[in-house]
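K.L.:
Numbering (our numbering), first residue to last: 3 to 64.
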């Protein structure tokens, strides 16, 4: 298992994307369906194959 992060976007593109997000100009639910609290990270890895429709899995740090 590994933990990786990524960020894409630069300069004005990032500003424009954040502006669109903050004004609700596009829906993100399809990208953020799979969320797990940090204590369930092992379950998140174990269930990846069962969730092929999930484009991204988020681990919530509290």
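Even for Gly, the Cβ is constructed at its ideal location relative to N, Cα and C. It should be emphasised that the depicted structure is a prediction, and the values quoted were computed from it without experimental measurement.
At what residues does the beta strand (DSSP E) containing residue 60 begin and finish?
P.N.:
Looking at the DSSP string, the run of the beta strand (DSSP E) that includes residue 60 is 59-62.
K.L.:
Is it the case that the Cβ atoms of residue 37 and residue 60 are separated by a distance below 8 Å?
P.N.:
It is a contact, given that the beta carbons lie within the stated cut-off.
K.L.:
By the three-class DSSP mapping on this structure, what secondary structure does residue 28 have?
P.N.:
Residue state, collapsed to three classes: coil.
K.L.:
Rounded to whole angstroms, what's the CA-CA distance from residue 45 to residue 56? Just pull it up for me.
P.N.:
Straight-line Cα distance between these residues: approximately 15 Å.
K.L.:
If residue 33 sits next to residue 58, beta carbons under 8 Å apart, how far is it from one beta carbon to the other, in whole angstroms?
P.N.:
The Cβ separation is near 5 Å, so the contact holds.
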